[in-house]
Amino acid sequence: MQMNARGIRVSFEFFPPRNPEMEQTLWQAIARLAPLQPHFVSVTYGAGGSTRERTHATVKRILTETMLTPAAHLTCVAATRTDVDAVVEAYAQAGVRHIVALRGDPLGGVGERYAPHPHGYRNAADLVAGIKRIANLEISVSAYPEKHPDSTDVTADLDMLKGKVDAGASRAITQFFFENDLYFRYLDRVRAAGIAIPIVPGILPVQNFRQTRNFAARAGASVPGWLAARFDGLDDDPATRKLIAAAVAAEQVLDLVERGVTEFHFYTMNRADLAYAICHLLGLRPDPNPAPRLAATEPAQ
Ligand code: FAD
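If you count the sequence shown from 1, you need to add 497 to reach my numbering.
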């Protein structure tokens, strides 16, 4: 794992590919980002466990074909404890040592009232406790600087985070945000609530502004007017969009570094270029002596 002179540490998030073309894109991104020696790379779990097999296959391939440390996302929505436990056991047996434990969205989508499966884990804190009972894995959880859309208030959100930490989570990764003050205000509240684990900012380089706005609306994250203004008129100009996206993300992470942040989680959307460029700005450089087992660039047969 690389930590540069400023002590910067990064992780990258990917989603499991749906077809061979997407698989190739993913592995090209992994091959490009791997030499930066991220702390870990995580693989998401599709809504309601819809990518269970694909998430597992991607995590396993990272484990066997690269020197990277994978973290498998896992949700408990719409699943029995037995099913979820079986996934955890399979990961532990495969050598996975890190789970990103989440409740997940209701199957009807955000806005629908969440109800736990009658034989399932009640919430993310309950899931964390369940995972810890099976194996002593490292567990990361979510955190919401702007409050989760389901939460009645900020206090309920902090109570849930505290519950997850008490159950054994050792890191929280935030939902993406674009105003750094939101993150620091949240951090103050987290620390005031006696929660001491790292709260790692989740950074979303804006690959596509329209899509980002849709994600944000679902996630309860705000999109400031200045951000919309920066992408205004660029719908048909991908080259300029990319330059603007790099500038926006660079401004954000460099401000976070100046204000003391040393750990970042990048939502890569399976694309390496923006994340790579921002990491370069953060001072990370590819390892000149790569380990023998490196990420392959061809899809698995
Ligand atoms: P929790 O931490 O359990 O809850 C979030 C907040 O909602 C709590 O603070 C609590 O106040 C409130 N809340 C929870 N339950 C209730 C309730 N019943 N009534 C009222 N308030 C309630 N989703 C996926 O499907 N797959 C993924 O791989 C995935 N990865 C993610 C990674 C990160 C870093 C983040 C931030 C989110 C991710 N999500 C993923 C999205 C996540 O599943 C949704 O945001 C989901 O709605 C909440 O799950 P959670 O674990 O964050 O919830």
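Beta carbons: idealized from backbone N, C-alpha and C, even for Gly.
- For His595, the secondary structure class from DSSP, reduced to helix, strand or coil, is strand.
- Secondary structure at Leu533: helix, using DSSP grouped into helix, strand and coil.
- Residue range Arg506 to Phe511 is occupied by the beta strand (DSSP E) that includes Val507, with no alpha helix (DSSP H) assigned at that position.
- In this structure, the beta-carbon distance from Arg578 to Val754 does not fall below 9 Å.
- By the neighbour-count criterion, in which a residue is buried when 16 or more other Cβ atoms sit within 10 angstroms of its Cβ, Asp734 is exposed.
- Residue range Phe706 to Ala716 is occupied by the alpha helix (DSSP H) that includes Phe706.
- The three-state reading of DSSP puts Ala576 in coil, since its state is none of H, G, I, E or B.
- For Tyr680, the closest of Ser719, Glu510 and Ser539 by C-alpha to C-alpha distance is Ser719.
- Gly717 places its beta carbon 9 Å or farther from that of Lys629.
- If you look at Arg668, you'll find it in the beta strand (DSSP E) that goes Arg668 to Thr671.
- Here Phe712 is not near Phe728, since their CB atoms are 9 Å or more apart.
- The residue from Pro514, Arg738 and Ala526 with its alpha-carbon nearest to that of Phe763 is Ala526.
- Between the stretch 513-531 and the stretch 609-618 there are fewer than three C-beta pairs closer than 8 Å, too few to call the two in contact.
- Around the CB of Ala666, 16 or more other CB atoms lie within 10 Å, so the residue is classed as buried.
- Along the length of the stretch 591-636, whole alpha helix (DSSP H) runs at least 4 residues long occupy 621-631, reported in chain order.
- The beta-carbon separation of Gly617 and Cys573, rounded to 6 Å, stays under the 8 Å limit for a contact.
- When C-alpha distances from Gln672 are compared across Gly543, Val638, Ala587 and Ala569, the shortest belongs to Val638.
- A buried status is given to Arg558, since no fewer than 16 other beta-carbon atoms sit within 10 Å of its beta-carbon.
- In the structure shown, Tyr542 adopts coil according to DSSP, grouped into three states.
- For the 9 Å CB-CB criterion, Phe674 and Gly699 form a contact.
- Per DSSP, the continuous beta strand (DSSP E) segment holding Tyr764 begins and ends at Glu760 to Tyr764.
- By the beta-carbon neighbour count (other beta carbons within 10 angstroms, threshold 16), Leu565 is buried.
- In terms of Cα proximity to Asp602, the closest of Met766, Gly546, Val750 and Asp678 is Gly546.
- Setting aside the 5 residues that flank it on each side, Ala747 is surrounded in the same chain by Ile775 and Leu778, each with a C-beta closer than 7 Å to its C-beta; the list follows chain order.
- As DSSP reads the structure, Ile700 sits in a beta bridge with Phe763.
- Taking a contact as a CB-CB distance under 8 Å, the pair Arg506 and Glu760 counts as one, their CB atoms being some 5 Å apart.
- If you look at Asn516, you'll find it isn't in any alpha helix (DSSP H); DSSP assigns it neither H nor E.
- Between the alpha carbons of Gly780 and Glu609 lies a distance of about 43 Å.
- Ranked by how close their Cα comes to the Cα of Leu684, the residues Gln590, Asn767, Pro785 and Leu658 have Leu658 in first place.
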